[in-house]
Structure formats: structure tokens, C-alpha cells
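Enquirer:
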Amino acid sequence: MNILLIDDDADCLDGLATVLEPAGHQCDLFTVPEQALEAYQQKQFDVVVTDMKMPGLSGIDVLKRVRTINTEARVIIATGYGDVETAIAALNYGAYAFFGKPIDFNDLMETLEKIECELKGQKKEKMELARLAIEYARLKQAYEDLLKLLKDRSEK
């Protein structure tokens, strides 16, 4: 999956990428949230993992902006300052998950696997809908051809 990682702590970003990339994920790392949002508009990401407290924009600010670009975006927020109110706010704004720091990498990997399964399911569903649309168009044409044939026969 393509993952956008945002944290003002470069060491934290490197640690996340060190875990995620060997698992087959492609990570783009940003220490400045505004730059990360610019990248989000230019490239398709499957998941955004963002820190909560950063200079400039908070994780919730990032979440809100990403969700205005893509309402289906999956955003995971991580924070070293976890409190229940912040977690509830993040989830109310549509965060996919909320992790305390240090992030439990097993929990993160499980969450990413769940997202990957959801994305595969959505892709399958879209392909099935496209197949059904083609089949519907073919059947509609056959029905119209049959009606024309019957009309031509009845006029003879």
C-alpha cells in the first residue's frame, strides 16, 4: 500500500518506515504537515498515518483536510499525549484508528492488513459492478432487438 507518514519527529518517521517498507508498503515521509497535504493532492495514498501534535497543523487538522480531498480516506492518528477526549474527537472526525506512542507495531500492522482487505474488497466490488453494467447493456440491446423483430413480424 502507499502510505503517507507525517510526524514532526524525523526519527519517529524513520522508525515507522523501517517497519512498514519491508512488509511491502511504500512510504512517503513528511515532517511538515502542509507539505504532506500538498503531496496528498498530487499522489494517491491508501493510508495516512499522522502524529497528533505538530507545529502548524494538528493530526485532527490533517484528518479534516485529507477527508475534504477524499471522503473515503483512511487516516490513522498517533500521539504521545493520548487522552480520551482527543481520541474521541479524532474518531468523530473520521479517523480510522487512534494509537498511543510508542506505536505497537503489531497493532499497526493488523490495522493496515484490515485496510488492505477492505481496499481489495472495494476493488472487487467495483470490478463486479462494471461487469454487471456491461452485461446489463448487452441484455438491454438484445431485448430491444427482440422487440424490433417482433414488431417487424407483426407488421407483415
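Mind the numbering: the sequence shown is residues 1112 to 1267 in our numbering, read in order.
We put the beta carbon where it would ideally sit given N, CA and C, even for glycine.
Remember, it's a predicted structure, so these values are computed and weren't measured experimentally.
Would you mind sorting residue 1245 into buried or exposed? The rule is 16 or more other CB atoms within 10 Å of its CB.
Expert: Exposed, by the Cβ-count rule.
Enquirer: Would you identify the three-state DSSP class for residue 1184, choosing helix, strand or coil?
Expert: Three-state DSSP puts residue 1184 in coil, outside helix and strand.
Enquirer: In whole angstroms, what separates the C-alpha of residue 1232 from that of residue 1196?
Expert: The straight-line gap from Cα to Cα measures roughly 32 Å.
Enquirer: Spell out the partners DSSP gives residue 1140 in its beta bridges.
Expert: Bridge partners of residue 1140: 1116.
Enquirer: So, is residue 1123 buried or exposed, given that buried needs 16 or more other C-beta atoms within 10 angstroms?
Expert: Answer is buried; the Cβ neighbour count reaches 16.
Enquirer: Short of 7 Å in beta carbon distance, which residues of its chain neighbour residue 1169, apart from the five on each side in sequence? Order them along the chain.
Expert: 1163, listed in sequence order.
Enquirer: Nearest by alpha-carbon distance to residue 1218: which of 1203, 1133, 1189 is it?
Expert: Nearest C-alpha to residue 1218: 1189.
Enquirer: Using the C-alpha atoms, what's the distance from residue 1165 back to residue 1280?
Expert: Absent from the model: residue 1280. The displayed extent of the chain is 1112 to 1267, so no value can be given.
Enquirer: Is the segment 1150–1164 in contact with the segment 1127–1139, if contact means three or more CB pairs nearer than 8 Å?
Expert: Yes, the segment 1150–1164 touches the segment 1127–1139.
Enquirer: Report the option in 1133, 1135, 1161, 1149 whose CA atom is closest to the CA atom of residue 1119.
Expert: Of the candidates 1133, 1135, 1161, 1149, the one whose C-alpha sits nearest the C-alpha of residue 1119 is 1161.
Enquirer: By alpha-carbon positions, which one of 1184, 1149, 1144, 1133 ends up nearest to residue 1167?
Expert: Here the closest residue by C-alpha is 1144.
Enquirer: In whole angstroms, what separates the C-alpha of residue 1207 from that of residue 1213?
Expert: Between residue 1207 and residue 1213, the C-alpha separation is close to 18 Å.
Enquirer: Assuming the contact rule is C-beta atoms closer than 8 Å, residue 1116 and residue 1127 should be a hit. Round their C-beta distance to whole Å, please.
Expert: Contact flag correct, Cβ pair sits at about 5 Å.
Enquirer: DSSP state of residue 1069, grouped into three classes?
Expert: This structure cannot settle anything about residue 1069, because the visible part of the chain is limited to 1112 through 1267.
Enquirer: Under DSSP, the beta strand (DSSP E) around residue 1210 begins and ends at which residues?
Expert: Residue 1210 -> beta strand (DSSP E) spans 1208–1211.
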